[in-house]
Every structure is written in structure tokens, then in C-alpha cells.
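K.L.:
In our numbering, the protein residues as written are 388 to 686. From the three backbone atoms N, C-alpha and C, an ideal C-beta is built for every residue, glycine too.
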């Protein structure tokens, strides 16, 4: 018996899971993705100097998850670009956000109440992509749990995982912003979500896919809308992680006596006061040293 049988939301969840994401939800996804690109320092200047590079970066923001998932599964990374409607729609959104006269389109879509609606709609697409990635990998590798989780994860957060490559297109190199080292909330949520969808797909989680899509989407919408409205970067998972991680993985060491570590983990010895300077040489010693150098030079 499934857990969802006891809940009167089965029909609502099924109807929600069957909603088409194109073109309405996809448009919202593209708008928020390109907005985040425009927020990057130097993105506007780059769009004027090299519109093609700006367009490529926008396409990575919109379709990076499909490209990365295709690479993982050994498929054509440009296969999704055969979907002309989606590419044309994303291109139109990019052009309006960057080049609309008087920035009218940008001002409208970045208006906070409207932007919150777009953010909520983007999370609908994100969860669908996670579920679709796990389902697709399950079809190819029926017992490959880690393949399912990897595919669902990159489908949900592929744009962030490709951020360093996207930065290179903009002429920026910031390896310290590696998303795996410093996971943002969407990346963590996509990872946890793909674990849930993998368990559901392999029948270890007693809930239907439609119900899981509905509940996880509601969770993502509430978290992302609240974080966007309050301009917060705090992860909702932080309290639980602070309790569980020290038990499972240990706490961060404060270092050993006599040594300390910088943020890269490289050990350095504790600095000691410099030794006292040697005593000044007398005039006779200086003259003796000069005579020795002259004799050596003569030899």
C-alpha cells in the first residue's frame, strides 16, 4: 500500500504532473536563467562587445543541464538543440532581456512580485527535469542506481555544475567558485531530490511518481520564493546538516599545536620572532675581507 493512498491528493497530483511545461513554464525558466546571466559582472558589456558569446552563455544557462546529461549517457550533447521551438524561444528571451529598448522587458520581468512568479514556475520545470532524468537513466540502466542519481542531479542543476565553463566563455576564471565545493541550495536540493526519485523509481519509496513530483515541487517553490523574496542565501538544509554531518563525517579540525592551516589546507609553521642581527664587523675585519677578495680575484 502506497503512502499516497492515505492522502486525498492523488487526483490533484496526477493532474499537476501531467501539466505541459512548454511554452508557459519553459518561458519562465528561460527568463529566470537569462536574468541570472545578466546579473553577472560584465555580462552586459560582453553582450555589446560580443553578442555571439553572450548568446552562447545564455544557451548554456537555458540548456546546460541537457548537454551535461547527454554527455553522461553517451548521447549527442547538441541533440536538444534540434528542438527548434525551445531554442528560438530562449533566443527571443535573451534578446529582449539584453537588447530591448530602454530595458523595458528587463524592468518588467525583474519586478519582484512578477519575478517571484517566474521563480516558482522555474522550480516546476526543475523537478520535472530531475524526474525525467532519473526515468530516462532507469530505462537505459535498469539497475544503475548511481547512473540514475547522476543523471537526475545534472538535469536539475547542470547549469550550476557547468558554471566554470560558462565563465570561461565570458573571459572569467574563478576555480574557487566550483559548485561541487560550494553547493548552492538548488544544487543540494537537486541532489537530495534525485535520491528520492531514484528510490521511487526502484520501488524502495512507497509513493507514486506523480505524488513525489507534486510534494517536492511544492517544497522547492516555497524555499526558492522565500529565499528570493528575502534575498537570503541560507540553505534550509543547514540545521539538519549541522547535526548529521559531524556524526557521519567528523567535525573540522582546529589544527595541531605549532601549526595552522589556511583555507586551502596547506600547513604552515607558526611564525617565530626573527633572530637578532649579527654584530657589526670591525674596521679591521672589513679591511681583511677586502684584501682576501682582491687576492682571490688576482688568482
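Can you find the residues in the same chain that come closer than 6 angstroms, C-beta to C-beta, to residue 404, ignoring five residues on each side of it along the sequence?
P.N.:
Cβ neighbours of residue 404 beyond the five flanking positions: 597 and 600.
K.L.:
Using the three-state DSSP reduction, which class does residue 549 fall into: helix, strand or coil?
P.N.:
Looking at residue 549 - three-state DSSP - the assignment turns out to be coil, as it is neither helix nor strand.
K.L.:
Please state whether the Cβ-Cβ distance between residue 412 and residue 508 is less than 8 angstroms.
P.N.:
For residue 412 and residue 508, yes; Cβs fall inside 8 angstroms.
K.L.:
If you draw a straight line from the alpha carbon of residue 457 to that of residue 541, how long is it in whole angstroms?
P.N.:
About 10 angstroms.
K.L.:
Mark residue 436 as exposed unless 16 or more other C-beta atoms lie within 10 angstroms of its C-beta, in which case mark it buried.
P.N.:
Exposed is the call here.
K.L.:
Look at the Cβ atom of residue 447, then the Cβ atom of residue 549, and state whether they are nearer than 8 angstroms.
P.N.:
Against a cut-off of 8 angstroms, the Cβ pair of residue 549 and residue 447 comes out as a contact.
K.L.:
Is it a yes or a no for the segment 583 to 594 touching the segment 465 to 484, going by three-plus beta-carbon pairs under 8 angstroms?
P.N.:
Taking 8 angstroms as the limit for Cβ pairs, the verdict is that the segment 465 to 484 does not touch the segment 583 to 594.
K.L.:
For residue 450 and residue 417, what's the separation of their Cα atoms in angstroms?
P.N.:
Each residue's Cα considered, the two are about 9 angstroms apart.
K.L.:
Specify whether the segment 551 to 565 and the segment 601 to 621 touch according to this definition: at least 3 beta carbon pairs, one from each stretch, less than 8 angstroms apart.
P.N.:
These segments do not touch.
K.L.:
Which runs of the alpha helix (DSSP H) at least 4 residues long sit entirely within the segment 398 to 484? Give them in chain order.
P.N.:
Correct list: 411 to 426, 430 to 436 and 438 to 459.
K.L.:
Using only alpha-carbon positions, find the residue among 516, 489, 492 and 468 that is nearest to residue 576.
P.N.:
Checked all of 516, 489, 492 and 468; the closest Cα to residue 576 is 516.
K.L.:
Please report the residue range of the alpha helix (DSSP H) in which residue 609 lies.
P.N.:
Residues 596 to 617.
K.L.:
Do residue 539 and residue 574 count as a contact pair if the criterion is CB distance below 8 angstroms?
P.N.:
Cβ distance not < 8 angstroms, so residue 574 and residue 539 don't count as in contact.
K.L.:
Taking its Cβ as the centre, do 16 or more other Cβ atoms sit within 10 Å of residue 399, making it buried, or is it exposed?
P.N.:
Exposed is the call here.
K.L.:
Would you mind stating whether residue 419 and residue 505 have Cβ atoms separated by less than 8 angstroms?
P.N.:
A contact, by the Cβ cut-off of 8 angstroms.
K.L.:
Is residue 524 closer than 8 angstroms to residue 535 when the C-beta atoms are compared?
P.N.:
Going by C-beta atoms, residue 535 is nearer than 8 angstroms to residue 524.
K.L.:
Rounded to the nearest angstrom, how far is the Cβ of residue 503 from that of residue 616, given a contact under 8 angstroms?
P.N.:
About 6 angstroms separates the two Cβ atoms, so the contact holds.
K.L.:
What separation, rounded to the nearest whole angstrom, lies between the Cα atoms of residue 510 and residue 636?
P.N.:
About 31 angstroms.
K.L.:
Just how far apart, CA to CA, sit residue 442 and residue 467?
P.N.:
Rounded to whole angstroms, residue 442 to residue 467 spans 16 angstroms at the Cα level.
K.L.:
Mapping the DSSP letters down to three states, classify residue 526 as helix, strand or coil.
P.N.:
Helix, per DSSP.
K.L.:
Short check: CB of residue 452 to CB of residue 514, under 8 angstroms?
P.N.:
In this structure, residue 514 does not lie closer than 8 angstroms to residue 452 by Cβ.
K.L.:
Using CA atoms only, rank isn't needed, just tell me which of 499, 494 and 454 is closest to residue 520.
P.N.:
When only C-alpha atoms are compared, the closest one is 454.
K.L.:
Please report the distance separating the alpha-carbon of residue 668 from that of residue 563.
P.N.:
In this prediction, residue 668 scores a pLDDT of 48, lower than 50, which makes its location untrustworthy; no coordinate-derived value is stated.
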